[in-house]
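A short worksheet on the structure shown next.
Numbering (UniProt numbering), first residue to last: 1 to 198.
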């Protein structure tokens with residue numbers, strides 16, 4: 001009786017997502033309509049929304065990224081950098097949540113990400129989208145436009161470390177091994193939705 005009361009107070013989505021951990025991270029469990037939008041529920045907790053207006057897709061964002069309850073995944077052992085993906089109309093972005101020392105990072109700064117096979121990509125950071133003021137699914141501190149080739153790097157390779165260069169200083173750090181794997185799974189989920197539903 002005590003346990004049933006406890007679980008009745010739990011968030012319904014949280015309880016459903018606990019069961020979803022039994023499925024592979026990129027296994028599409030179901031899709032559902034939420035107002036005019038379509039939401040995709042994946043194994044391993046990821047929840048992706050495709051925003052629609054008059055039946056036309058205008059954006060794609062994560063409600064949850066793997067085990068994170070936000071649109072970004074914490075990939076940094078120091079909790080300074082969170083990463084995610086979003087699409088607005090026909091443009092794809094890597095989004096950043098910056099904490100602590102990295103809160104100094106601004107639009108115009110350069111982000112370099114190195115992968116475990118020693119390849120790297122360099123991106124110019126820009127301000128968050130206007131949509132972020134009314135929809136937290138688009139929220140980020142800064143973001144970077146990425147093309148399909150760059151997106152494939154995230155989909156197929158594991159991230160190793162990063163460098164951010166500002167006008168006055170630079171920052172660098174390495175990614176947690178477990179969350180590096182989870183972030184690749186996030187990228188795979190993102191690409192799956194882009195290619196099949198967006």
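We put the CB at the ideal spot given by N, CA and C, even for glycine.
What did DSSP end up calling residue i once you bin it into helix, strand or coil?
i           : result
residue 115 : strand
residue 54  : coil
residue 194 : helix
residue 85  : strand
residue 72  : coil
residue 46  : coil
When the Cα atoms are used, what is the spatial distance from residue i to residue j?
i           : j           : result
residue 86  : residue 140 : 10 Å
residue 149 : residue 156 : 11 Å
residue 78  : residue 102 : 11 Å
residue 192 : residue 151 : 12 Å
residue 27  : residue 125 : 32 Å
residue 118 : residue 76  : 19 Å
Enumerate in chain order the residues of its own chain whose CB-to-CB distance from residue i is below 7 Å, with the five nearest sequence positions on each side excluded.
i           : result
residue 161 : 114, 172, 173, 174 and 175
residue 131 : 59, 88 and 138
residue 73  : 65, 66, 82, 83, 84, 179, 182, 183 and 186
Excluding sequence positions up to five away, which residues of its chain have a Cβ less than 6 Å from the Cβ of residue i?
i          : result
residue 71 : 61, 62, 84 and 137
residue 36 : 52
residue 48 : 40, 62 and 193
Buried or exposed for residue i, please, with buried defined as at least 16 other CB atoms from any protein chain shown within 10 angstroms of its CB.
i           : result
residue 43  : buried
residue 6   : The pLDDT assigned to residue 6 is 39, lower than 50, so where the model puts this residue is not dependable, and the model offers no usable value.
residue 127 : exposed
residue 109 : buried
residue 170 : exposed
Which whole-angstrom value is the C-beta distance of residue i and residue j, which I expect to be below 8 Å?
i           : j          : result
residue 167 : residue 94 : Between residue 94 and residue 167 the Cβ distance is about 21 Å, and since that is not below 8 Å, they are no contact.
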